[in-house]
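Visitor: In our numbering, each residue carries its 1-based index in the sequence shown increased by 435.
Glycine is no exception: its CB is placed at the ideal position from the N, C-alpha and C atoms.
Predicted model only: the values in this text are computed from it and were never measured.
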Amino acid sequence: MENEQKKIEWKGEVVSIQPRSTVWRYLIDNRTHRECGYNIFLKGEAFFGQELLQHDPISNQYDFCVAISEKQEARLKIHIGDVIKGTGWTKKYPEIEFADYYRAGSIKKVKAADEDSAQTMTVIHDDANIRYNGTTIPRVNSSDYSGPPWKTGVPPLEIYAWRGERMLSKTSWKGKCFQCIWANMANVTIQYDFDRNIVRNRFETFCYGPLSCKYYSMGPARTVPYIKISGVKDQGWLDEICVENRNDPDE
Ligand code: SF4
436 MENEQKKIEW KGEVVSIQPR STVWRYLIDN RTHRECGYNI FLKGEAFFGQ ELLQHDPISN
496 QYDFCVAISE KQEARLKIHI GDVIKGTGWT KKYPEIEFAD YYRAGSIKKV KAADEDSAQT
556 MTVIHDDANI RYNGTTIPRV NSSDYSGPPW KTGVPPLEIY AWRGERMLSK TSWKGKCFQC
616 IWANMANVTI QYDFDRNIVR NRFETFCYGP LSCKYYSMGP ARTVPYIKIS GVKDQGWLDE
676 ICVENRNDPD E
């Protein structure tokens with residue numbers, strides 16, 4: 436459904452920052468993830484002119500969510516506890532975008548988090564296990580930092596892309612995983628009918644974190660609908676393919 440878009444202004448304290456991603460599903464033959472920025476979750480307020488906007492967050496840990504680009508995050512180095520403000524746009528297609536506001540602009544850090552909570556993971560270039568094209572693999576080591584949940588600044592998107600992800604229970608995402616940099620709420624497109632190019636959309640929760648994380652719970656298997664085929668479920672074996680690059684469960 437197409438909505439009229441409004442330019443709004445927002446301000447709030449960051450309570451979580453997570454990768455923003457899109458996922459394409461086709462039965463249980465394919466689940467492709469693409470990281471395209473970050474979602475910041477805030478406790479605060481958003482206005483359209485003088486009008487205070489109402490939100491309907493799926494967890495009581497935040498008020499609203501703003502999608503930002505990797506460039507914006509690299510410039511601001513956002514951490515939990517920062518107070519930031521900016522502009523954004525309401526959603527044209529609410530069924531395909533989880534964040535409440537996107538196309539964010541004029542973002543400024545009004546107040547930085549305490550130094551203690553402003554830790555960022557160091558990116559290590561692994562030249563012992565190079566990629567097929569000869570480039571080094573950028574990695575971070577979660578076990579060098581306190582967690583779970585890991586509440587540091589977020590690493591670059593290529594770190595997430597290389598690590599891959601597993602399905603994470605929605606209850607965990609809303610609860611004890613909410614502030615973790617490895618948690619993810621994805622905008623998912625399901626290819627429902629190839630011949631007529633019909634798709635279905637929904638939001639799903641994933642985890643890019645260490646395979647050994649004691650908080651991890653996959654949750655129930657996920658139905659992947661396709662025309663005239665019923666009962667197809669992602670039981671978790673696609674997760675094994677998605678995280679096949681990992682050889683250290685604590686990474
Ligand atoms: S299960 Fe994943 S998202 Fe949750 S705390 Fe562990 S690493 Fe973070």
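Which value, in whole angstroms, describes the spacing of the CA atoms of V589 and I515?
Guide: Position 154 of the sequence shown holds residue 589. Position 80 of the sequence shown holds residue 515. Answer to the nearest angstrom: the Cα atoms are 10 Å apart.
Visitor: Is the CB-CB distance between S652 and S607 below 7 Å?
Guide: Residue 652 sits at position 217 when you count from the first residue of the sequence shown. Residue 607 sits at position 172 when you count from the first residue of the sequence shown. Yes, Cβ-Cβ distance for S652 and S607 is below 7 Å.
Visitor: Can you tell me the Cα-Cα spacing of A553 and I513, whole angstroms?
Guide: As a working mapping, residue 553 is identified with position 118 in the sequence shown. As a working mapping, residue 513 is identified with position 78 in the sequence shown. Going by the C-alpha atoms only, they are around 8 Å apart.
Visitor: According to DSSP, S456 sits in a beta bridge with which residue or residues?
Guide: Looking up residue 456 in the sequence shown gives position 21. Its beta-bridge partners are E470 and A621.
Visitor: Would you tell me roughly how many angstroms separate the C-alpha atoms of A548 and G582, rounded to the nearest one?
Guide: Residue mapping note: residue 548 aligns to position 113 of the sequence shown, counting from 1. Residue mapping note: residue 582 aligns to position 147 of the sequence shown, counting from 1. Between A548 and G582, the C-alpha separation is close to 18 Å.
Visitor: CB of W445 to nearest heavy atom of the ligand SF4: below 6 Å?
Guide: The residue labelled residue 445 in the question sits at position 10 within the sequence shown. Every heavy atom of the ligand SF4 is 6 Å or more from the Cβ of W445, so no.
Visitor: Closer than 6 Å to a non-hydrogen atom of the ligand SF4 - does that hold for the CB of A618?
Guide: As a working mapping, residue 618 is identified with position 183 in the sequence shown. The answer is yes for A618.
Visitor: At a cut of 8 Å, does the region 446-466 reach the region 554-572 through at least three beta carbon pairs?
Guide: No, the region 446-466 is not in contact with the region 554-572.
Visitor: In terms of alpha-carbon separation, which member of G666, W524, S451 and R466 lies closest to A481?
Guide: As a working mapping, residue 481 is identified with position 46 in the sequence shown. Minimum Cα distance to A481 is reached at W524.
Visitor: If distances are taken between C-alpha atoms only, which option among G479, E444 and Q507 comes closest to N495?
Guide: In the sequence shown, the residue the question calls residue 495 occupies position 60. Residue G479 is the option with its Cα nearest to N495.
Visitor: Kindly examine the ligand SF4 and report whether one of its heavy atoms sits closer than 6 Å to the Cβ of P584.
Guide: Residue mapping note: residue 584 aligns to position 149 of the sequence shown, counting from 1. It does: the Cβ of P584 is within 6 Å (strictly closer) of some heavy atom of the ligand SF4.
Visitor: Applying the criterion that 16 or more other CB atoms from any shown protein chain within 10 Å of the CB defines a buried residue, is Y528 buried or exposed?
Guide: Taking the first residue of the sequence shown as position 1, residue 528 is located at position 93. When all chains shown are included, Y528 counts as exposed.
Visitor: Which same chain residues end up closer than 8 Å to C677 when comparing Cβ atoms and leaving out the 5 residues on each side of it in sequence?
Guide: Taking the sequence shown and counting its residues from 1, the one referred to as residue 677 is at position 242. Taken in chain order, the residues that qualify are R466, H468, G599, E600 and R601.
Visitor: Pick out whichever of W585, I443, I463 and V659 has its Cα sitting closest to the Cα of E675.
Guide: For the purposes of this step, residue 675 is taken as residue 240 along the sequence shown, with counting starting at 1. Nearest option by C-alpha distance: I463.
Visitor: Compare the beta carbon distance of T522 and S504 with 7 Å and say whether it is the shorter of the two.
Guide: For the purposes of this step, residue 522 is taken as the residue at position 87 of the sequence shown. For the purposes of this step, residue 504 is taken as the residue at position 69 of the sequence shown. For T522 and S504, no; Cβs fall outside 7 Å.
Visitor: Just the Cα atoms here: how many angstroms apart are A563 and P573?
Guide: Translated into positions along the sequence shown, residue 563 becomes position 128. Translated into positions along the sequence shown, residue 573 becomes position 138. Approximately 11 Å between the Cα atoms of the pair.
Visitor: According to DSSP, is A596 helix, strand or coil?
Guide: Mapped onto the sequence shown, residue 596 falls at position 161. In this structure, A596 counts as helix in the three-state DSSP scheme.
Visitor: Give the range of the beta strand (DSSP E) segment to which I676 is assigned.
Guide: Sequence index remark: in the sequence shown, residue 676 carries index 241 (1-based). Run containing I676: none in the beta strand (DSSP E); it sits in the alpha helix (DSSP H), W672 to C677.
Visitor: Could you round the C-beta distance between I452 and I616 to whole angstroms and report it? I think they count as a contact, below 8 Å.
Guide: As a first step, residue 452 is located in the sequence shown; it is residue number 17 there, counting from the start. As a first step, residue 616 is located in the sequence shown; it is residue number 181 there, counting from the start. Going by Cβ atoms, the distance from I452 to I616 rounds to 7 Å, so yes, they are a contact pair.
Visitor: Taking just the CA atoms, how far does A539 sit from Y473?
Guide: Taking the sequence shown and counting its residues from 1, one reaches residue 473 at position 38. Taking the sequence shown and counting its residues from 1, one reaches residue 539 at position 104. The straight-line gap from Cα to Cα measures roughly 11 Å.
Visitor: Please classify Q507: does DSSP put it in a helix, a strand, or coil?
Guide: Within the sequence shown, numbered from 1, the residue matching residue 507 stands at position 72. In the structure shown, Q507 sits in a helix (DSSP, three-state: H, G or I).
Visitor: Short of 7 Å in beta carbon distance, which residues of its chain neighbour Y661, apart from the five on each side in sequence? Order them along the chain.
Guide: In the sequence shown, the residue the question calls residue 661 occupies position 226. Cβ neighbours of Y661 beyond the five flanking positions: L462, Y627 and V667.
Visitor: Does the distance between the C-beta of C642 and the nearest non-hydrogen atom of the ligand SF4 fall short of 6 Å?
Guide: In the sequence shown, residue 642 corresponds to position 207, counting from 1. True, at least one ligand heavy atom lies under 6 Å from that Cβ.
Visitor: Under 6 Å from any heavy atom of the ligand SF4, does the C-beta of Y627 make it?
Guide: Looking up residue 627 in the sequence shown gives position 192. Incorrect: Y627 has no Cβ contact closer than 6 Å to the ligand SF4.
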